[in-house]
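Asks: Provided herewith is a single structure, encoded as structure tokens, for subsequent inquiry.
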Amino acid sequence: MSGHYIWSWYHSSLIECPLDYAFILMMEVPELWIGVVPGEGDIQQHNHPDGAENRVVSAGHRRGLQLSDLCCLGDEDSAQSLCSALQQQQQHRTTEGRSHSQESGEEESLGGNTSHPGVHLSGPALLCHLYGWLRPSLLQVTLLRMTSDLLALLPPQALRCGILYCENQPVFDWSGLTHALALLATVVCHALVQQVCERHSRMTEVRVQTALTGALYKQALSRCSIPGCLPSPAPSLTPLRADVGRLAELPVSLSALWSSWVQGTVCVCLLWRELGPSSLAGLAVLLLLVPLTSAVQRRARLLQRSQESVRGERQQLVQEMLNGIKTVKLLVLEAWFQCRVGIAREKELETLRILGFLTAFSLLDRVCVPFLVCVSSLGVYVLVDDGNVLTASQVFTCVCLFTLLRSPFNLLPSLALHLTQTWHSLCHLDHFLFSQEVSHTENGTLSENGVKKSCLEEHSDRCSNETLRETEANTVHLPKHGVSSVCIRLYLHVCGLGWVLLTVLSQVCVCVVGVCQTGLLAVWTRQAKELQGLEEWRELRDSRLSVYAVLGLLQALSVCCVALAVTGGSLKASASLHSELLFARLRLPLRFYQITPSSLVLRSLSQEMYVIDELVPANLLSWLSCWLQVFVTVLLIVYISPLFILIVPVLTYLFLTIQVQDEVTSGSHDDPLTRCYGALNEHLVCRYNCILLDRWVSVWLDAFAGLVLFLVSVTLLDSEVDPSAVGLVLTYTLSLREVLHLLVQASCGVESSAGAIQKMDQHAHMEREPPWSVPCRAPPSWPKEGVVEFRSYETELNPSPAELSFCTRTREKVGVVSRSGAELDAITSSLFRLVEGRRGVLMIDGVDISSVGLHDLRSRLAVIARVPTLFSCSLRSNLDPWGCHGDAQVWQALERCHLKERVSLLPGQLLYPLQHGGAGLSSSERRLLCVCRALLKGCVVLVVEDPVPPVDVHTERLLQSIIHTHFSHCTGLYLTQNPGNVTHTDRVLVLDGGRVAEFDCASALLQRGALFSQLLSETHRNQDTEEE
């Protein structure tokens, strides 16, 4: 395998930092943690010296990454090794089960009834195999996750100690610098353990996915019709892709679930220490929101399924259009298909509109639930007892703890659904892998490792080559900052200035109101210390609670405005861009579709539209929200400590430098389920490096956030700033780490999404067909006589007729015969201008067809194409797409084509829905329906091509009779390679080498004994040979 093709799935534009030693030091910190837990895909040290990640970073900065630039895996972590490990676990448990079964049988034969608990597997066997194989990894991930979640509780406690120090109530006899260092230490410890946990979790997920993929591929080989060889990627694996991904996420999800509830329990205990029983009010709010959240999620899932169904219908229409694109252009059905696809698109957008409104609830849950929890707990605390006076340490510690407490409650609504879906996926995979009727391991079909090496290598090379060709054809690298900014401006322009301004203003309002809410709590705690009497306290309490509630209501309204604006603008952009893309695709010349795989064309109308519909607005909104949050945090810090503004430029430059290092592409890569072990190993290397570099950048972001936190805390804790202001600033600074991670992710998402917009913009500027209509249109009655004249005409086709010259008479039937099908196709392509002429003139009734619009020309010509193409709609719509004729005319045309009786027996008759190109109808019936369609068109020039596949003699004679009787007013051109099919025509045109060899009536040519006679004799000999 080559291994040197451009990998567009993770294309890095990372900058090279001169501080190599610092880079290596920061990169090796997580490696020290990972080194204590073996077996997680560490890099072979003899293959990769220190700073291997920096080498990848440097290579990604210079050019697009290649597989040779990436860090390789050790032999024990290759795809083959992982698949073998799972297979060995399976064989081990199977051997144990058989031995226990034999022992049980012997005891039963002796009359024993001893049972062996745990011998027989309960549930799917795959679950037992995975558990036995992943037990050490599961334990590691669970312990790391629990440690990370418990360490997340330390920063709020360090913040509490720092605020108490400012209130002159220190918990420890420390200085301000010591408190700042303690706060930094808690953040650093949590960040490091979290990075290690994330890396182990993602590597465990990749290992499970890789092993299951290999098992699926092995089983697909065993199901192959030819033992040990798979001729093509198995289509049965496609539905299992989601099952593999869902099952691979299960270990990580379970570990997060267990640890989050431990974290939640400790959070409740800490909140009880701060607020006592009043803390249960916030807990009750979270519990009451669980059913509502579950109902909204169920509704969203139903809408997503409906959207997938509608999207599938639209994609099926597009696929049908692409499969019959030549017929679409010949019959001038571009606008008809655009209308049909547009109707399906409107249904899809309507579902997206409802889903967009549901995003308002998700935004409310993310933004307003913290307010509801705080106002309920703090309100109950100050209302139940007039002696309960809030302090800064209480307020900001509770704010941080309530933020952490939301994690288990966010998991609860989706837990049941996720476990149910995972169980179903497990059952599907278990049935596919271990069903007895498809297992061939005992009859020697597969080798010991499940796959014969020679077959695997052969198919691996073939899969790799096919993947390489498709990757090179569809690789879209991440657009540079300038290009991506242009793409984003284009998207915002399509959204509309009004929706964009409303989104920005609403999001600014959300952010400002959030700051005002937290600032109000700080002002409240500061003013509470200055009060003397109980009445003043009650007045202050009531006024602050009222203002706090009003701010919450204003925040909720702002969130709803954000959801409304984002939904409205994104739907407008989606509708406009899809319409432009579909129109641009329909305007492309036929030769584009002949050299481009239909899968790539379909991908632009499916995957790219998915990115534009859902990912672009979400990424832009997240990017805007995070930047506003960072801006507000900086303003707060500068407002409280003005000297901090001196280092803001340095910190800004440092952050932008780190952010640039995390750019990735949205280029697609083949799913590993359709590839073999060799390509799967390359996929594994790419995934590993993605995890490695992602963690590398995350460490730098954590270091940046820790630096900011340390500078701010050192500045504030040893100053005379009010403790409430200290708590406010440090709370926002603590949240800066998460905001920065989200900001970088959103920035990468925006950069990646810009690739889809860039491709759509490129499609709009691709070479198009000539205009469909021109100002100087041909007369409505043109053509009248149907005289077709070629004057030394050549096209851009290769091969092309060389200076073709001939002229038909009025309403003459001419048979065109040639040994080459390409020469016959050139006649049709020339008449319908599927390709443009290079020299010479082609005229119909004295009018040069190059001066006529394409639709004007093609609508005046009729064709009975070689392949009888019918579309998935009613029979009537196939015959009369625009409904220009009444039912009586349609029935009359069917009667003339001898199809009236057949159609009258169909359910619904004219409204009978045709599926899959006329499935259920014979090839002869489909061809006669195409004749009926041409008859309804009523054109003066008719082109008849040889049928593929060939029809019976009776149908062909019936066709000739219909044309002779009902197309007598037309000039007919019969294009065929069989001279016997055109002996009934007025004259026969024989082509040889792209030139006119003979042109006379059939009888004269036969008497002359020329080329036509020779072709006829050859045809008869071939037919006799086939009959023998």
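Residue 996 in the working numbering is what sits at position 1004 of the sequence shown, and the numbering runs on without skipping anything. We treat Cβ as the ideally placed atom computed from N, Cα and C, and that holds for glycine.
1. Can you name the start and end residues of the beta strand (DSSP E) that Ile1093 belongs to?
2. From His40 to Glu266, what does the alpha carbon distance come to, in whole angstroms?
3. What is the rounded straight-line gap between the Cα of Leu418 and the Cα of Thr383?
4. For Lys776, which of helix, strand or coil comes out of DSSP?
5. What do you get for Ser60, buried or exposed, if any count of 16 or more other CB atoms within 10 angstroms of its CB means buried?
6. Run through DSSP, which three-state label would Lys805 get?
7. Excluding the 5 residues flanking Thr285 on each side, which residues of the same chain have their C-beta closer than 7 Å to its C-beta?
8. To the nearest angstrom, how far is the alpha carbon of Gln1006 from that of Arg987?
9. From which residue to which residue does the alpha helix (DSSP H) around Glu572 run?
10. Can you give the Cα-Cα distance for Leu928 and Ala880, rounded to whole angstroms?
11. Going by C-alpha distance, which of Leu981, Cys962, Thr963 and Ser960 is nearest Gln969?
12. Just how far apart, CA to CA, sit Glu788 and Asp69?
13. Since Gly256 contacts Pro147 with CB under 8 Å, what's their CB separation in whole angstroms?
14. Would you call the segment 839 to 856 and the segment 819 to 828 in contact, with 3 or more CB pairs under 8 Å?
15. How far does the beta strand (DSSP E) with Gly964 in it extend, from its first residue to its last?
16. Taking all protein chains shown into account, decide if His182 is buried (16 or more other Cβ within 10 angstroms of its Cβ) or exposed.
17. What is the rounded straight-line gap between the Cα of Ser784 and the Cα of Cys931?
18. Quick check: the Cα distance between Leu569 and Ile683, rounded to an integer number of angstroms?
19. Give every residue of the same chain whose Cβ lies closer than 8 Å to the Cβ of Pro763, excluding the five residues on either side of it in the sequence, and list them in chain order.
20. Mind checking Met195: buried by the 16 CB within 10 Å criterion, or exposed?
21. In angstroms with no decimal places, state the Cα-to-Cα distance between Thr800 and Val603.
22. Under 6 Å Cβ to Cβ from Tyr373, same chain only, skipping five residues before and after it: list those, please.
23. May I ask you to report which of helix, strand or coil DSSP gives Cys876?
24. So what does Thr787 bridge to, in DSSP terms?
25. Give the secondary structure of Asp422 by DSSP, where H, G and I count as helix, E and B as strand, and everything else as coil.
26. Could you please give the first and the last residue of the uninterrupted beta strand (DSSP E) stretch that includes Ala989?
27. Report all residues from its chain with a CB closer than 7 Å to the CB of His410; omit the five preceding and five following residues, and keep chain order.
28. Let's see if you can read the secondary structure: which residues bound the alpha helix (DSSP H) around Glu241?
29. Among the residues of its own chain, which have a CB less than 7 Å from the CB of Leu263, if the five just before and after it don't count?
30. Report the CB separation of Gly964 from Lys805 in whole angstroms; it is logged as a contact under 8 Å.
31. Please name the residue in Gln72, Gln132, Asn973 and Leu523 whose C-alpha comes closest to that of Ser193.
32. Count the CB pairs spanning the segment 319 to 336 and the segment 501 to 518 that are closer than 8 Å, and state whether there are at least three.
33. For Thr459, count the other beta carbons within 10 Å of its own beta carbon; 16 or more makes it buried, fewer makes it exposed. Which is it?
34. If I measure Cβ to Cβ from Ala989 and keep anything under 6 Å in the same chain, skipping five residues before and after, which residues do I get?
35. For Tyr483, which residues of its own chain have a beta-carbon under 7 Å away from its beta-carbon, when the five flanking residues on both sides are left out?
36. Near Ser690, what residues of its chain come up, given a Cβ to Cβ distance below 8 Å and the 5 sequence neighbours on each side ignored?
Replies: According to the structure shown:
1. Because the chain spans -7 through 1020 in this model, residue 1093 falls outside it and cannot be assessed.
2. Walking along the sequence shown from the start, residue 40 turns up at place 48. Walking along the sequence shown from the start, residue 266 turns up at place 274. Note that His40 has pLDDT 44, beneath the 50 cutoff, so the model's placement of it is unreliable and the number below is only indicative. When only Cα atoms are considered, His40 and Glu266 end up about 51 Å apart.
3. Taking the sequence shown and counting its residues from 1, one reaches residue 418 at position 426. Taking the sequence shown and counting its residues from 1, one reaches residue 383 at position 391. Rounded to the nearest angstrom, the two C-alpha atoms are 52 Å apart.
4. By one-based count along the sequence shown, residue 776 stands at place 784. Secondary structure of Lys776 (DSSP, three-state): coil.
5. Looking up residue 60 in the sequence shown gives position 68. When all chains shown are included, Ser60 counts as exposed.
6. Position 813 of the sequence shown, counted from the start, is the residue given in the question as residue 805. Here Lys805 sits in strand by DSSP.
7. Along the sequence shown, one-based indexing puts residue 285 at 293. Asp357 and Pro405, listed in sequence order.
8. As a working note, residue 1006 is residue 1014 in the sequence shown. As a working note, residue 987 is residue 995 in the sequence shown. Approximately 17 Å between the Cα atoms of the pair.
9. Here residue 572 refers to the residue found at position 580 of the sequence shown. First-last of the alpha helix (DSSP H) with Glu572: Leu526 to Leu578.
10. Looking up residue 928 in the sequence shown gives position 936. Looking up residue 880 in the sequence shown gives position 888. Distance between the alpha carbons of Leu928 and Ala880 is about 12 Å.
11. By 1-based counting over the sequence shown, the position of residue 969 is 977. The shortest C-alpha separation from Gln969 is found at Leu981.
12. Within the sequence shown, residue 788 is the residue found at index 796, counting from 1. Within the sequence shown, residue 69 is the residue found at index 77, counting from 1. When rounded, the distance between both Cα atoms is 54 Å.
13. Translated into positions along the sequence shown, residue 256 becomes position 264. Translated into positions along the sequence shown, residue 147 becomes position 155. A Cβ-Cβ distance of about 17 Å is found for the pair Gly256 and Pro147, leaving them out of contact under the 8 Å criterion.
14. A contact exists between the segment 839 to 856 and the segment 819 to 828.
15. Numbered from its first residue, the sequence shown carries residue 964 at position 972. Residue range Thr963 to Thr968 is occupied by the beta strand (DSSP E) that includes Gly964.
16. Indexing the sequence shown from 1 puts residue 182 at position 190. Around the beta-carbon of His182, 16 or more other beta-carbon atoms lie within 10 Å, marking it buried.
17. Mapped onto the sequence shown, residue 784 falls at position 792. Mapped onto the sequence shown, residue 931 falls at position 939. So the two alpha carbons sit approximately 26 Å from each other.
18. Here residue 569 is taken as the residue at index 577 of the sequence shown, counted from 1. Here residue 683 is taken as the residue at index 691 of the sequence shown, counted from 1. If you take the alpha carbons of Leu569 and Ile683, they lie about 34 Å apart.
19. Counting from one through the sequence shown, the residue named residue 763 turns up at place 771. Spatial neighbours of Pro763 in its own chain (CB-CB distance under 8 Å, excluding positions within 5 residues in sequence) are listed in chain order as Gly845 and Leu846.
20. The residue labelled residue 195 in the question sits at position 203 within the sequence shown. Met195 comes out buried.
21. Taking the first residue of the sequence shown as position 1, residue 800 is located at position 808. Taking the first residue of the sequence shown as position 1, residue 603 is located at position 611. Going from the Cα of Thr800 to the Cα of Val603 covers about 53 Å.
22. For the purposes of this step, residue 373 is taken as residue 381 along the sequence shown, with counting starting at 1. If we look at Tyr373 and ignore the five residues flanking it on each side, its Cβ neighbours are Leu267, Ser270 and Asn380.
23. By one-based count along the sequence shown, residue 876 stands at place 884. In the structure shown, Cys876 falls within a coil segment according to DSSP collapsed to helix, strand and coil.
24. Counted from its first residue, the sequence shown places residue 787 at position 795. In the DSSP output, where bridge partners are listed per residue, Thr787 has Gly829.
25. Position 430 of the sequence shown holds residue 422. Of the three classes helix, strand and coil, the one that applies to Asp422 here is helix, per DSSP.
26. Working through the sequence shown from its first residue, we reach residue 989 at position 997. Element bounds for Ala989: Arg987 to Asp992.
27. Position 418 of the sequence shown holds residue 410. Correct list, in chain order: Ser245.
28. The residue labelled residue 241 in the question sits at position 249 within the sequence shown. First-last of the alpha helix (DSSP H) with Glu241: Arg233 to Leu267.
29. On the sequence shown, position 271 is the one that residue 263 refers to. Answer for Leu263: Ser271, Cys390 and Leu393, listed in chain order.
30. Counted from its first residue, the sequence shown places residue 964 at position 972. Counted from its first residue, the sequence shown places residue 805 at position 813. Separation of the CB atoms of Gly964 and Lys805 is rounded to 4 Å, and the pair is thereby assigned contact status at 8 Å.
31. Numbered from 1 along the sequence shown, position 201 holds the residue referred to as residue 193. Looking from the CA of Ser193, the closest CA among Gln72, Gln132, Asn973 and Leu523 belongs to Gln132.
32. No contact exists between the segment 319 to 336 and the segment 501 to 518.
33. Along the sequence shown, read from residue 1 onward, the residue named residue 459 stands at position 467. Unreliable positioning characterises Thr459 in this predicted model, as indicated by a pLDDT of 37, which lies under 50. The coordinate reading is nonetheless provided below. By the neighbour-count criterion, in which a residue is buried when 16 or more other Cβ atoms sit within 10 angstroms of its Cβ, Thr459 is buried.
34. Position 997 of the sequence shown, counted from the first residue, corresponds to residue 989. Within the same chain, Ala989 has close Cβ partners Val982 and Leu1003.
35. Sequence index remark: in the sequence shown, residue 483 carries index 491 (1-based). Excluding positions up to five away in sequence, the list reads Ala565, Val608 and Ile749.
36. What you label residue 690 is simply residue 698 of the sequence shown in a count that begins at 1. Gln187, Glu190 and His733, listed in sequence order.
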